[in-house]
Amino acid sequence: MDTQTKNERLLTRDQMAKRVAVELTDGWLVNIGIGMPTLVLPHVPKDRDVIFHSENGIVGMGPAPDDLADNDPDLLTAGKQPASLIPGGAFVHHADSFAIVRGGRLDAAVLGAFQVAENGDLANWKLLGAKGGSVGGAMDIAVGAKQVLVMMTHVTKEGDPKVVKALSYPVTARHSVTKIFTDMAVIAVTADGLVLDELAPGITADEVQAATEPKLRLSDSLKEIAV
Amino acid sequence: MDTQTKNERLLTRDQMAKRVAVELTDGWLVNIGIGMPTLVLPHVPKDRDVIFHSENGIVGMGPAPDDLADNDPDLLTAGKQPASLIPGGAFVHHADSFAIVRGGRLDAAVLGAFQVAENGDLANWKLLGAKGGSVGGAMDIAVGAKQVLVMMTHVTKEGDPKVVKALSYPVTARHSVTKIFTDMAVIAVTADGLVLDELAPGITADEVQAATEPKLRLSDSLKEIAV
Amino acid sequence: MKNKRVNTPAEAVAGIVDGATVMVAGFGRSGVPEGLTDAICELGVKGLTVISNNSGTAKTGVARLLLEGCVEKIVCSFPRASESGVFKEMFDAGKVELELVPQGILAERIRAGGSGLAGFLTLTGVGTELAEGKQTMEVDGTEYLLEMGLRADVALIKARQVDGRGNLTYRKAARNFNPIMATAAEMVIVQAHEEVPIGALDGEHVVTPGIYVDRYCVFQQEP
Amino acid sequence: MKNKRVNTPAEAVAGIVDGATVMVAGFGRSGVPEGLTDAICELGVKGLTVISNNSGTAKTGVARLLLEGCVEKIVCSFPRASESGVFKEMFDAGKVELELVPQGILAERIRAGGSGLAGFLTLTGVGTELAEGKQTMEVDGTEYLLEMGLRADVALIKARQVDGRGNLTYRKAARNFNPIMATAAEMVIVQAHEEVPIGALDGEHVVTPGIYVDRYCVFQQEP
Chain A
1 MDTQTKNERL LTRDQMAKRV AVELTDGWLV NIGIGMPTLV LPHVPKDRDV IFHSENGIVG
61 MGPAPDDLAD NDPDLLTAGK QPASLIPGGA FVHHADSFAI VRGGRLDAAV LGAFQVAENG
121 DLANWKLLGA KGGSVGGAMD IAVGAKQVLV MMTHVTKEGD PKVVKALSYP VTARHSVTKI
181 FTDMAVIAVT ADGLVLDELA PGITADEVQA ATEPKLRLSD SLKEIAV
Chain B
1001 MDTQTKNERL LTRDQMAKRV AVELTDGWLV NIGIGMPTLV LPHVPKDRDV IFHSENGIVG
1061 MGPAPDDLAD NDPDLLTAGK QPASLIPGGA FVHHADSFAI VRGGRLDAAV LGAFQVAENG
1121 DLANWKLLGA KGGSVGGAMD IAVGAKQVLV MMTHVTKEGD PKVVKALSYP VTARHSVTKI
1181 FTDMAVIAVT ADGLVLDELA PGITADEVQA ATEPKLRLSD SLKEIAV
Chain C
2001 MKNKRVNTPA EAVAGIVDGA TVMVAGFGRS GVPEGLTDAI CELGVKGLTV ISNNSGTAKT
2061 GVARLLLEGC VEKIVCSFPR ASESGVFKEM FDAGKVELEL VPQGILAERI RAGGSGLAGF
2121 LTLTGVGTEL AEGKQTMEVD GTEYLLEMGL RADVALIKAR QVDGRGNLTY RKAARNFNPI
2181 MATAAEMVIV QAHEEVPIGA LDGEHVVTPG IYVDRYCVFQ QEP
Chain D
3001 MKNKRVNTPA EAVAGIVDGA TVMVAGFGRS GVPEGLTDAI CELGVKGLTV ISNNSGTAKT
3061 GVARLLLEGC VEKIVCSFPR ASESGVFKEM FDAGKVELEL VPQGILAERI RAGGSGLAGF
3121 LTLTGVGTEL AEGKQTMEVD GTEYLLEMGL RADVALIKAR QVDGRGNLTY RKAARNFNPI
3181 MATAAEMVIV QAHEEVPIGA LDGEHVVTPG IYVDRYCVFQ QEP
């Protein structure tokens, strides 16, 4: 397969965000991680009431204001980008914010990742051999959210699989990831291993398997990602 | 000594309350227990800013309204009696209220007691042989307050000492009482044992000792309680 | 948007089953959702474990639940008060079980349950008979009790205001156990004095974010 | 009444000594009391242990404390961010020590410290390298980490409003770590945007009761 051709068939970040957005169910409370996951918010269908939680104490976070002049330095996403408060949103302090997280109130979290293992282990906070590191709320959120939805490119820049048999990067939380959304596929983490649920248009199951370390089972209802 | 005569020399509950009120220092945060301690509040000198904490979430509790018609069912003391909120008072929920208590923010608590031991052990929550019992906030407050001021009659109705060598009643908190205010005396609990600091007018040190189980040391500055 | 509003206390408590663990907020009679406790009595469920600071004033709230035979066990800090004759009589007759918990520990255990913490270490209760059977742990030479988080199937909440998202405010010291119990149950049911439009509550003044609330009804309780 | 008001950030931070442990509130640059951190830089104290979610944005707040050589160690959840070049450079050069703590655990440890709890049991961090050296405990077959309460000598707080009793409100998500840090230090120092008369704040809207506050100054921080 020609690499150039394959790259052209990979989902864009925006297409991935759109697919993740579809996953967010009406009435859910969802935490959105920093980086790529922030793209998800504008793609949530308007007829769905998905409530966003930001760990800095915003329950009911809305998108950035249309007018830059309306940006408020005290109303930011966890990634310190402009945000807003929806009508009926509320502010809580940091301990109360993580009480929501660990108390099981997050229906889902959308997080980036360096690696996901076939048992659902998540690595997303520290690069290999890094000194120090920045953990932020990743460990609390990965442990607390009912569903941990990972959004990442399928392979590293060097072409190495990021869906692996066992993590080589430092673990964020064990057995936490429930579904993986990449630029090639949607993969469910189940008690019986990884299940390939959806393929990006033009990508084959064999291509996904070749870019994935553990064995994938094909879903009985394997389908194409709507883009 | 004639009993009738002695009883006449004992402090009234109101006189005891007045003496305890003098102990409360300007700027202090103070929790007032249910029962006899509630008499203390009106005796605090007007020029002293003593802030009262009630465990049901009132920081800055004031006295009952002058007019009964102003009583508010949502503004009660811990003993469910009418109260008010001082200007600049605030409401907190129950976990935050006890965070104040255990977090070391109470300068003092005024509590009733069944017994106090010479090492400061406090018994004030359960009668001997009682089934069940009602503990309320007593254990948290006795452990948390910087000074635990006990206010009680010196002896039981049967004439038994309530200041004892070792508790026979169930303990509320170990090593917690700092000062004892009775109808006969004021006694400090120190690392070197009990010190008789003050006597009710007309009561002698010998009478107090006779009504007290452990040995009392006389304070170098033993004086009469101002009534 | 999820519709959390129901029309009556009866609709609000529908589905509570025999044997459920139910938190009932309030301190004394302040902040007790009596519309909801009355509705549970009328529902006629049995074998409840009730978590509540008090055991009910006269024949209201938890006392009525006790009177009507709904309660098997009560987890409580101050069950025997002059106003709580119903509990006293039933407890002395062996008709209700009691787990006595210091008030601050009861509040903190509920907060821990709502915050996803298994337990916490405290000095409260060390060396007392309420420490019996509990695990202790020494930290820097001091002995602490391990107290466990507490959760319930249902929490019954009395609020002052509610909006369509379930955001709540409380009235004065009627706040007490309400905000913490609202975090610590699978089903959070609210009796609110009044409903206000979404957006009418300042996000800085909301005490319980609506995400905690499953159902609410508007019910003006008799004082 | 105790006078808690001082005139300037410099007066407010007077007396902070070398080697003190100082909580600095804020998330990113929101809610950081930069008037107070600047005043500490001018005071020239050394060897501070700073407890803060971030390590400072550009050269403000904690980053300026680092730059001016006031800091020996930082207890932090997200020290290495694109906006935190000062920390990165100093840490990589071995000039500052780091204790990395998950954000929710940092918040909860501060709350525990302020609430008089020695520690708590959590699932966060179990099986990760941040669990190394920490005590674990099994409850009902599940392994939990024991995390310890955290207190400081000084907490630096940024408030929106203050009254003469020290009651505080906060602005939007600038609330973040402020209310919990205000409970967990021996000396709580506040920089408030405005002062209002006693009684002007509704007791139901006060977020930090004034009993927690030792000193405050009115200081309007540049955005």
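So the sequences go chain by chain: A, B, C and D.
Just so we're aligned, residue 1 is where the first sequence starts under the numbering used here, counting upward by one.
Just so we're aligned, residue 1001 is where the second sequence starts under the numbering used here, counting upward by one.
Just so we're aligned, residue 2001 is where the third sequence starts under the numbering used here, counting upward by one.
Just so we're aligned, residue 3001 is where the fourth sequence starts under the numbering used here, counting upward by one.
Ideal placement from N, C-alpha and C gives every residue a C-beta, glycine not left out.
C-beta neighbour in chain B for residue i, strict 9 Å
{"i": "Asn3167 (chain D)", "result": "yes"}
{"i": "Arg2064 (chain C)", "result": "no"}
{"i": "Met3187 (chain D)", "result": "no"}
{"i": "Leu3150 (chain D)", "result": "no"}
Residue from the options with nearest C-alpha to residue i
{"i": "Val22 (chain A)", "options": "A:Asp206, A:Val155, A:Leu149", "result": "A:Leu149"}
{"i": "Ala2025 (chain C)", "options": "C:Leu2106, C:Val2071, C:Met2181, C:Ser2077", "result": "C:Met2181"}
{"i": "Leu128 (chain A)", "options": "A:Asp160, A:Asp67, A:Val143, A:Ser168", "result": "A:Ser168"}
{"i": "Asp1183 (chain B)", "options": "B:Val1208, B:Asp1192, B:Asp1160", "result": "B:Val1208"}
{"i": "Asn3167 (chain D)", "options": "D:Asp3140, D:Thr3136, D:Val3213, D:Asn3176", "result": "D:Val3213"}
{"i": "Val3188 (chain D)", "options": "D:Ala3081, D:Ala3093, D:Pro3209", "result": "D:Pro3209"}
{"i": "Gly2114 (chain C)", "options": "C:Gly2104, C:Glu2129, C:Ala2155", "result": "C:Ala2155"}
Residue-chain proximity (residue i, chain C), Cβ-Cβ < 9 Å
{"i": "Val3207 (chain D)", "result": "yes"}
{"i": "Phe1052 (chain B)", "result": "no"}
{"i": "Phe3177 (chain D)", "result": "no"}
{"i": "Ala95 (chain A)", "result": "yes"}
{"i": "Leu3043 (chain D)", "result": "no"}
{"i": "Val1030 (chain B)", "result": "no"}
{"i": "Gly3203 (chain D)", "result": "yes"}
Minimum Cβ-Cβ distance from residue i to chain D less than 9 Å
{"i": "Pro73 (chain A)", "result": "yes"}
{"i": "Met1 (chain A)", "result": "Low confidence applies here, because Met1 (chain A) scores a pLDDT of 47, under 50, leaving its location unreliable and the question unanswered by this model."}
{"i": "Asp192 (chain A)", "result": "no"}
{"i": "Tyr2212 (chain C)", "result": "no"}
{"i": "Gly136 (chain A)", "result": "yes"}
Cβ-based burial, residue i [other Cβ within 10 Å; buried from 16]
{"i": "Asn3003 (chain D)", "result": "exposed"}
{"i": "Asn3007 (chain D)", "result": "exposed"}
{"i": "Val2017 (chain C)", "result": "exposed"}
{"i": "Ser2030 (chain C)", "result": "buried"}
{"i": "Leu1106 (chain B)", "result": "buried"}
{"i": "Ser97 (chain A)", "result": "buried"}
{"i": "Gly2133 (chain C)", "result": "exposed"}
{"i": "Met1 (chain A)", "result": "Caution is warranted here: a pLDDT of 47 is assigned to Met1 (chain A), below 50, making its placement in the model unreliable, and the coordinate value is therefore given only provisionally. Classification for Met1 (chain A): exposed."}
{"i": "Gln3220 (chain D)", "result": "exposed"}
{"i": "Pro3223 (chain D)", "result": "exposed"}
{"i": "Arg2111 (chain C)", "result": "buried"}
{"i": "Val227 (chain A)", "result": "exposed"}
{"i": "Leu982 (chain B)", "result": "Because chain B spans 1001 through 1227 in this model, residue 982 (chain B) falls outside it and cannot be assessed."}
{"i": "Leu218 (chain A)", "result": "exposed"}
{"i": "Gly245 (chain A)", "result": "Because chain A is modelled from 1 through 227, residue 245 (chain A) falls outside the range shown and cannot be assessed."}
{"i": "Ser3077 (chain D)", "result": "buried"}
{"i": "Pro42 (chain A)", "result": "exposed"}
{"i": "Thr25 (chain A)", "result": "exposed"}
{"i": "Ala210 (chain A)", "result": "exposed"}
Rounded Cβ spacing between residue i and residue j (contact assumed at less than 8 Å)
{"i": "Val2101 (chain C)", "j": "Ile2074 (chain C)", "result": "With a Cβ gap of about 10 Å, Val2101 (chain C) and Ile2074 (chain C) do not count as contacting."}
{"i": "Val3190 (chain D)", "j": "Arg3215 (chain D)", "result": "7 Å"}
{"i": "Pro1214 (chain B)", "j": "Val1164 (chain B)", "result": "7 Å"}
Contact with chain A by residue i, beta-carbon distance below 9 Å
{"i": "Thr3128 (chain D)", "result": "yes"}
{"i": "Tyr3170 (chain D)", "result": "yes"}
{"i": "Thr2060 (chain C)", "result": "no"}
{"i": "Gly3028 (chain D)", "result": "yes"}
{"i": "Phe3219 (chain D)", "result": "no"}
{"i": "Pro3197 (chain D)", "result": "no"}
Quiz item: Relative to chain C, which residues along the region 1100-1133 of chain B have a C-beta separation below 9 Å, given in chain order?
Solution: Val1101, Arg1102, Asp1121, Trp1125, Lys1126, Ala1130, Lys1131, Gly1132, Gly1133
Quiz prompt | Residues from the region 41-66 of chain A in contact with chain E, defined by Cβ distance under 9 Å | solution = No chain E is part of this structure, whose protein chains are labelled A, B, C and D.
Quiz item: In chain order, what residues of the region 147-172 of chain A put their CB closer than 8 Å to some CB of chain D?
Solution: Pro170, Val171, Thr172
Exercise. With 9 Å as the limit, tell me which residues of the region 2116-2143 of chain C have their beta carbon closer than that to any beta carbon of chain D; keep them in chain order.
Key: Gly2116, Leu2117, Ala2118, Gly2119, Phe2120, Leu2121, Thr2122, Leu2123, Thr2124, Gln2135, Met2137, Val2139, Asp2140, Thr2142
Quiz item: Got a sec: which bits of the region 3098-3118 of chain D sit with their beta carbon under 8 Å from any beta carbon on chain C, in order along the chain?
Solution: Glu3108, Ala3112, Ser3115, Gly3116, Leu3117, Ala3118
Self-check item: Residues of the region 1009-1033 of chain B whose Cβ lies closer than 8 Å to any Cβ of chain D, in chain order
Solution: Asp1026, Gly1027, Leu1029
Quiz item: Of all the residues that make up the region 3068-3084 of chain D, which are near chain A by a beta-carbon distance shorter than 8 Å?
Solution: From the region 3068-3084 of chain D, only Ser3077, Phe3078, Pro3079, Arg3080, Ala3081, Glu3083 have a Cβ closer than 8 Å to chain A.
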